[in-house]
């Protein structure tokens, strides 16, 4: 009797272990290795791509984050000196299309698209400017604008890099992870450029 009971218990434990080690329904193991949110994935879109909560959060927060950078770049077009105007134009050129891409993802995932403009509703995100920051920037001109723009945009870019690194660590959507990697590389380079501009006066 004891030997039979022991065999039954061993078989039950084996079943539980095998169930716990199994991957997702697509055979992948994206889940708990990154974050508990990564296990809440669901196929969406015509290609059956997989997304999770981290992907949705990344796109939903990065849209207003990028939109504020574009707003700052628009201010530079009429207030900055030439060296900062050209940098601001490059920032807008890169981030505008990325906003469109992320908006398309959210729509295809049947998730709400955050509003852009005004307060953006994103001051809890890393690097976001406050209303007072934007008022100060709007009021500045020439070299004073340049310095304030560079200081604020460095902080803004550092926040975007932080958010993108979180997506790289926790997201599962290939496009979102690729965009996060591009954000890290491009904005890290721009941070270095802006620090050099600040150092050169």
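Numbering (UniProt numbering), first residue to last: 1 to 201. Just so it is clear, CB atoms sit at the ideal spot from N, CA and C, and this is done for glycine as well. Quick caveat, the model's predicted, so the values are computed rather than measured.
Query: Could you give the first and the last residue of the continuous alpha helix (DSSP H) run that contains residue 56?; Result: 53–79
Query: On the three-state DSSP scale, how would you describe residue 166?; Result: helix
Query: Thinking C-beta only, is residue 101 closer than 8 Å to residue 197?; Result: no
Query: Kindly indicate which residue of 79, 152, 73 has the alpha-carbon position closest to the one of residue 88.; Result: 73
Query: Evaluate the contact criterion for the segment 140–154 versus the segment 164–178: three or more CB pairs, one atom per stretch, below 8 Å.; Result: no
Query: Would you mind stating whether residue 106 and residue 112 have Cβ atoms separated by less than 8 Å?; Result: yes
Query: Taking 7 Å as the limit between beta carbons, can you name the residues of its chain near residue 136, skipping five residues before and five after?; Result: 148
Query: Under 7 Å Cβ to Cβ from residue 75, same chain only, skipping five residues before and after it: list those, please.; Result: 137, 138
Query: Return the CA-CA distance between residue 191 and residue 53, expressed in angstroms with no decimal places.; Result: 29 Å
Query: Which residues bound the alpha helix (DSSP H) around residue 138?; Result: 131–139
Query: Rounded to whole angstroms, what's the CA-CA distance from residue 50 to residue 174? Just pull it up for me.; Result: 8 Å
Query: Residue 126 and residue 163 look like a contact to me (Cβ under 8 Å); what is the Cβ gap, rounded to whole Å?; Result: 6 Å
Query: For residue 82, is the classification buried or exposed, using 16 other Cβ atoms within 10 angstroms of its Cβ as the cut-off for buried?; Result: exposed
Query: Of the choices 108, 124, 62, whose alpha-carbon is the least far from that of residue 95?; Result: 62
Query: Can you give the beta carbon distance from residue 79 to residue 141, rounded, assuming they're within the 8 Å contact cut?; Result: 5 Å
Query: Between which two residues does the alpha helix (DSSP H) carrying residue 107 extend?; Result: 82–108
Query: Classify residue 177 as buried or exposed, calling it buried when 16 or more other Cβ atoms lie within 10 Å of its own Cβ.; Result: buried
Query: Exposed or buried, what is residue 92 when buried is set at 16 or more other beta-carbons lying within 10 Å of its beta-carbon?; Result: buried
Query: For residue 56, which residues in the same chain have their Cβ closer than 6 Å to its Cβ, ignoring the five residues on either side in sequence?; Result: 111
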